[in-house]
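Working notes, structure below.
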Amino acid sequence: MINERRTVLQVKGVSKDFGGLRALDDVDLDVKEGEIVALIGPNGAGKTTFFNCITGIYTPTEGDVNIDPYGGGFKRINGMKPNIVTELGMARTFQNIRLFPSMSVIENVMIGCHCRTKATFLGAVFRDPGTRKEEQETILKSYALLQELGLDQYADELARNLPYGAQRRLEIARALATDPFILLLDEPAAGMNPQETAELEELIVSIKDKHKISVLLIEHDMKMVMSLSDRLFVLEYGREIAHGTPQEISENPAVIKAYLGEELVDA
Amino acid sequence: MEGLKKSVLASLWFMFLTLPIMGVFVNTIDKSVTWHLDRVLYVGAAAFVLSYLWRFMLERKERGMKAEEQSAVEKVTLLNKLLANPKFFWPAVIAVAGFAIAFPKLFSMYQVNVMTSALIYVVLGLGLNIVVGLAGLLDLGFVAFYAVGAYSYALMNMYWGISFWVALPLGALLGALCGILLGFPVLRLRGDYLAIVTLGFGEIIRLVLENWAEFTHGPSGISNIARPEFFGLAKGFMAQINFMYYLMLVLVVFTIFVVNRLKNSRIGRAWQALREDEIACQAMGIDKMKTKLMAFSLGATWAGMVGVVFAAKTTFINPASFTFLESAIILSIVVLGGMGSILGVILGALVLILLPEYMRDFSEYRMLIFGATMVLVMVFRPQGLVRDVRKKIDISAVKKALGGVHD
């Protein structure tokens, strides 16, 4: 079944050097339409660097990042600016929450709509019917997204006054506002308790189905990763040591070694 | 009690420090020493009162800030509350407008002239407010664009006899163009680096104007710049000055209108987001360069435009009018008034330009008072005279609109 699906994101042999340090070494990864893929690995394995490389914040030293959002053939996006990458349909969240703290919650989401709207300087000054309509649509779309993520009661508050879990959800709402074909989540469950994590899991599945998008996530919570994702990729010291279904990964000796250390494998 | 002790210590320390200057007078001719201990006591008393007051105010301010943090609600000042109330807002606007229109009838020519310069600074402040207040780019060379506007009119008038009304939009356009030209290489920089480079740019423009003597007449400047013709309506010197005033008034209203609309638009939102987090902003699909460049060139547009007005008003310009001090004053207007706040910047401009003007009687202490005012405002109201309050999105209206569709 999975094999019939179209690949939307294809990463081939990506490496990234920081001076003499090779943070990523020849990493391959692919995400298919409507799939939830997880990227796991111990701390410092290069997961966030990988995210930064494919979203244009860093330019990979070697390798290709190709996307095919709508089945029209692959497009290479290495070295494109982050805003272009987002416009092409890859939206991300950040490990350390990066909201716009002194803007209201709904305004944060409206920023996400920026690259899908067109109002220019002249439109802003003359406030012609087209601009007003666009602004109104932006507000309605943002509010609908807030409702979907259960944040509508906070719409008017400043983003910095939100509880932690809500801030995480707001980042997802903001990313969704860019109309992505793939959502890249960097440790969405970090700092959440088990109940919040379970809720988040449901949320991710429902978003994926409703918006018909793929999800690529970095996560440490093994329980969540195993139950949520269709496939996993494992990184260690910048190298990819395994990939496969959750079942395969949980039995892979290299992964167990990476996570638990050598002696336990022998024991 | 603790505060009292500290104040006593401070006053003793001050008395000790000022003793040699204030208290001891040595007469070298008849080799005698006179003691003026009473003066030292005055110093001590003043230091005590001031230090006590200072501590009291600081404490009050900190308590206020703590309360604000705890309540997690943005404190709305009385002024902001009044402004949000249409019952107060519109009469206030009408009163101010009426006063502004009647101003030349009520006051002398001198006052009108002073007010016109103040209005020029209002527009400059609002222009810089786009760059510094809305987009958060620290620009220390803003006066360069003002110079570009002023010199473009002066030179075009001198060489080709171009009239004021043609030069006004051209000056604005040239300002914008310079903003873009400077912006391209410079806007990759952030914060302090940007400030230094813009500072350098401001100096470059001034030095070029000063040294390119065969074209700009160098330090001696350009004189006899034509005053604007108000379609034959303004006859005589008085009428000219009044017309100049009204022209500035119209420009101020126009600027307020445009800046206000920009602020509450898609672009204004992008500026605000850029100010808060550049990386997140880019990750949300906002083109950093384009957005910054737009802020920079829009700010420069206003500077170029009032530059033309300035040249026409004074009929004489030279590079000395465009020193770094001017940039610093315009920046002070924005910071003192309240970054991002339109009303704040207007108040800031009026305070900083009119106060030194009316304090000419104490001209020796003018800069001292100016400096002290700045320090006091920054310590006790770091957000400026008027805090910037963004227009809220009307959630209840959104609910109603959505309710009509879904429920």
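Protein chains in written order, with our numbering: chain L, 1 to 267; chain R, 1001 to 1407.
We treat Cβ as the ideally placed atom computed from N, Cα and C, and that holds for glycine.
Buried versus exposed, by CB contacts within 10 Å (16 or more), R/M1057: Classification of R/M1057: exposed, given that the 10 Å Cβ count is below 16.
Inter-stretch contact (C-beta, 8 Å, three-pair minimum) for the segment 221-231 of chain L and the segment 243-255 of chain L: Put simply, the segment 221-231 of chain L touches the segment 243-255 of chain L. At least three CB pairs are less than 8 Å apart.
Closer than 8 Å to chain R by CB, L/L320: The structure shown does not extend to residue 320 of chain L, since chain L is modelled only from 1 through 267, so no value can be given for it.
Entirely enclosed alpha helix (DSSP H) segments - the segment 1103-1155 of chain R, minimum 4 residues: As far as the segment 1103-1155 of chain R is concerned, its whole alpha helix (DSSP H) runs of at least 4 residues are 1109-1128.
Inter-stretch contact (C-beta, 8 Å, three-pair minimum) for the segment 1252-1271 of chain R and the segment 1154-1161 of chain R: Touching, no, given that fewer than three Cβ pairs across the two stretches are closer than 8 Å.
Integer-rounded CB distance, given that L/I207 should sit under 8 Å from L/L176: Going by Cβ atoms, the distance from L/L176 to L/I207 rounds to 7 Å, so yes, they are a contact pair.
DSSP three-state assignment for L/M90, whether helix, strand or coil: Look at L/M90 here: in three-state DSSP terms it is strand.
Spatially closest choice to R/L1209 from R/L1187, R/L1194, R/G1149, by CA coordinates: Cα-wise, what sits closest to R/L1209 is R/G1149.
Cα-Cα separation between R/R1360 and R/V1253, rounded to whole angstroms: Between R/R1360 and R/V1253, the C-alpha separation is close to 29 Å.
Within-8 Å CB hit, L/V169 to chain R: For the record, residue 169 of chain L in the displayed sequence is Arg; it is not Val. Look at L/R169: its C-beta is not under 8 Å from any C-beta on chain R.
Under 9 Å from the C-beta of L/G112: neighbouring residues of chain R: Those are M1284, G1285, listed as they occur along chain R.
Cβ-Cβ distance between L/F51 and L/L162 below 8 Å: No, Cβ-Cβ distance for L/F51 and L/L162 is not below 8 Å.
Assigned secondary structure, R/W1165 (DSSP; H/G/I helix, E/B strand, else coil): When DSSP states are grouped into helix, strand and coil, R/W1165 belongs to the helix group.
Nearest-angstrom Cα separation, counted from R/Q1240 out to R/A1226: When rounded, the distance between both Cα atoms is 12 Å.
Residue span of the alpha helix (DSSP H) that contains L/N66, given as start and end: Unbroken run through L/N66 is the beta strand (DSSP E), 62-67; no alpha helix (DSSP H).
Selected residue, minimal CA-CA separation from L/R174, among L/T93, L/D230, L/G72: The option with the nearest alpha carbon to L/R174 is L/T93.
Close beta carbons around L/G63, own chain, < 8 Å, minus the five adjacent residues each side: V11, K12, G13, V14, S15, D26, V27, N78, listed in sequence order.
Interface partners of L/D156 on chain R, CB under 7 Å: Neighbours of L/D156 on chain R, chain order: K1392, I1395.
Three or more C-beta pairs below 8 Å linking the segment 177-196 of chain L and the segment 207-218 of chain L: Contact holds: three or more Cβ-Cβ distances are below 8 Å.
Cβ pair L/A119, L/E137 closer than 8 Å: Taking 8 Å as the Cβ cut-off, L/A119 and L/E137 do not qualify as a contacting pair.
Cβ-Cβ distance between R/S1341 and R/G1384 below 8 Å: Yes, these two residues count as a Cβ contact at 8 Å.
Alpha carbon of R/A1295 to alpha carbon of R/D1139, nearest angstrom: Rounded to the nearest angstrom, the gap between the Cα atoms of R/A1295 and R/D1139 is 11 Å.
Residues that L/M103 contacts on chain R, provided the C-beta gap is smaller than 8 Å: Neighbours of L/M103 on chain R, chain order: R1269, Q1272, A1273, E1276, R1390.
Proximity test, Cβ basis, 8 Å: L/K75 and chain R: Answer no: the Cβ-Cβ gap between L/K75 and chain R never drops below 8 Å.
Nearest-angstrom beta carbon gap, R/L1262 and R/V1132 [assumed within contact, 8 Å]: Going by Cβ atoms, the distance from R/V1132 to R/L1262 rounds to 14 Å, so no, they are not a contact pair.
Interface residues of the segment 121-132 of chain L facing chain R [CB-CB below 7 Å]: Within the segment 121-132 of chain L, those residues whose Cβ lies closer than 7 Å to any Cβ of chain R are, in chain order, F121, A124, V125, R127.
Nearest-angstrom beta carbon gap, R/T1315 and R/N1224 [assumed within contact, 8 Å]: Indeed, because the Cβ distance is near 6 Å, the residues count as touching under 8 Å.
Chain L contact residues for R/S1265, given Cβ-Cβ distances below 7 Å: In chain order: A119, A124.
Alpha-carbon to alpha-carbon, L/R6 and L/G34: Going from the Cα of L/G34 to the Cα of L/R6 covers about 9 Å.
is_contact[L/I218, chain R] using C-beta, thresh 8 Å: Not a single C-beta of chain R is nearer than 8 Å to the C-beta of L/I218.
CB contact flag (R/F1164, R/P1104, <8 Å): Taking C-beta atoms as the reference points, R/F1164 and R/P1104 fail to come closer than 8 Å.
Whole-number beta carbon distance between R/A1283 and L/T86, since they are thought to touch under 8 Å: Contact annotation, L/T86 with R/A1283: C-beta distance approximately 6 Å; criterion of less than 8 Å satisfied.
L/E135: contacting residues in chain R (beta-carbon distance under 9 Å): Residues of chain R passing the Cβ test: S1265, R1266.
Cβ pair count under 8 Å reaching 3, the segment 1038-1046 of chain R against the segment 1015-1025 of chain R: They touch, by the three-pair rule.
Chain L within 8 Å of R/A1295, Cβ atoms only: With 8 Å as the cut-off, R/A1295 does not count as an interface residue toward chain L.
Interface residues of chain R facing L/Y115 [CB-CB closer than 9 Å]: The sequence shown places Cys at residue 115 of chain L, rather than the Tyr named in the question. Here the neighbours are M1284, G1285, I1286, D1287.
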